[in-house]
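Asks: Quick one: structure below, then a few questions.
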Amino acid sequence: MIRKTALRGMILAGAFAGGSLVAGCALHHQGHMNIALDALNTAAAALTQAPQDKAGHVQAALKYTRQAIDEVEIGMAYKIQTGSSATAD
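In mature numbering (1 follows the signal peptide of the UniProt record, and there is no 0), the protein residues as written are -25 to -1, 1 to 64.
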């Protein structure tokens, strides 16, 4: 019985890893979106390190940058979920 449970766990883990790999590959093929996401993450990191004495503008910029990151990630996930191929990426 323990073997059967262990085997079932390995199968589930393999299926999960395979699904993650497929999703990762789909994300990888969205070149321009990945470039945008990298740039936005770099901008967010820089804004986090910036002096905060700019009359609230640094915090506002960080807020909008994080919103942009969310939108890019949502767009990438949408393409994966729908299989949309309207554009290259």
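Using N, Cα and C, we set each Cβ at its ideal position, and we do this for glycine too.
1) Report the option in 5, 4 and 13 whose CA atom is closest to the CA atom of residue 43.
2) From residue 45 to residue 7, what does the alpha carbon distance come to, in whole angstroms?
3) Pick helix, strand or coil for residue 24, following the three-state DSSP scheme.
4) In chain order, what residues of the same chain lie with their CB nearer than 7 Å to the CB of residue 41, ignoring the 5 residues before and after it?
5) Within its chain, find whatever has a CB closer than 7 Å to the CB of residue 54; leave out the 5 residues flanking it on each side and keep chain order.
6) According to DSSP, is residue 38 part of a helix, a strand, or is it coil?
7) Assuming residue 47 contacts residue 21 under a Cβ cut-off of 8 Å, what Cβ separation, rounded to an integer in Å, is found between them?
Replies: Considering the structure as presented:
1) 13
2) 15 Å
3) helix
4) 19
5) 5
6) helix
7) Actually they do not touch by this definition, with Cβ atoms about 17 Å apart.
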